[in-house]
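So the sequence shown is numbered by full-length UniProt numbering: it starts at 1 and just counts up by one. Quick reminder that beta carbons are idealized off the backbone N, C-alpha and C, glycines included. Given the structure is predicted, the values throughout are model-derived calculations rather than measurements. Below: the structure, in structure tokens.
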Amino acid sequence: MLSAARRTVNNRSSQYENIDSPGDSSFHQAPRTSPDLRGGDGFSPIQELEMNSVSVVPDDTFTVTQAVNAFGFGKFQAKLSLFTGLCWMADSMEMTILSILSPALHCEWHITRYQQALTTTVVFLGMMLSSTFWGHISDRYGRKQALTMCAVLLFYYGLLSSFAPNYAWILVLRGLVGFAIGCVPQSVTLYAEFLPSKQRAKCVVLLDCFWALGAC
């Protein structure tokens, strides 16, 4: 029984030797290659480990949003709420006065219905044309500077409108008033940037109260 087992082992060994012999054309041994230690980006595992390692130096930096959330709603935000609300009150006043101005001009200068409608149209036309301009000024010089310029122009052209000598001048001056009003939406953006995340939506919605006050 042992002799039979030895013969079986010897026969299998001879078969394996024939397979491994270089003269056998049915088998081609693949060339051995060294493993590629580089990753997909061409860096070795050690280099990738060094690049992905976390710095042990503590990070003391923070964003503006994190700083605003840390301070919360304070005196600065309350003052900014008042200034932003005044911008919306001025916008509301200028929109509301249009319903009073047209009938008054009809009685004073006997203008037609088309001319009455035009006094309202030029205001909205000025707002439409100036919105892109004020956006560019705000991005380049800051929203605070743009809103300051808007307030000065709105007061100046609004005051001159009350001294307009004829219908042509009232159209020009009301159009310039609309041009200045086009910057008012920038106040909401400036306001929202300095509000904590939890109070931001509520405070922005409450700005409509100033619009209602301006319409009174």
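Mark Trp109 as exposed unless 16 or more other C-beta atoms lie within 10 angstroms of its C-beta, in which case mark it buried.
With fewer than 16 Cβ atoms within 10 Å of its Cβ, Trp109 is classed as exposed.
Helix, strand or coil for Cys183, going by three-state DSSP, please let me know.
Cys183: coil per DSSP, three-state reduction.
Pick out the complete alpha helix (DSSP H) segments inside the region 66 to 99, 4 residues or longer, and give them in chain order.
You should have 75 to 96.
Can the beta-carbon of Leu101 be found closer than 8 Å to that of Thr119?
Closer than 8 Å, so yes.
Let me know if Trp134 comes out buried or exposed under the rule of 16 or more other beta-carbons within 10 Å of its beta-carbon.
Counting Cβ neighbours within 10 Å, Trp134 comes out buried, since at least 16 surround it.
Between which two residues does the alpha helix (DSSP H) containing Gly142 stretch?
From DSSP, Gly142 is part of no alpha helix (DSSP H); its letter is neither H nor E.
Using the beta-carbon count (16 or more within 10 Å), is Asp36 buried or exposed?
Model confidence at Asp36 stands at a pLDDT of 49, short of 50, so the residue's coordinates are unreliable; what they give is reported in the following sentence. Exposed, by the Cβ-count rule.
Once DSSP output is grouped into helix, strand and coil, what is the label at Cys203?
Correct three-state label for Cys203: helix.
Is it true that the region 170 to 182 meets the region 119 to 131, where meeting means three or more beta-carbon pairs spaced less than 8 Å apart?
They touch, by the three-pair rule.
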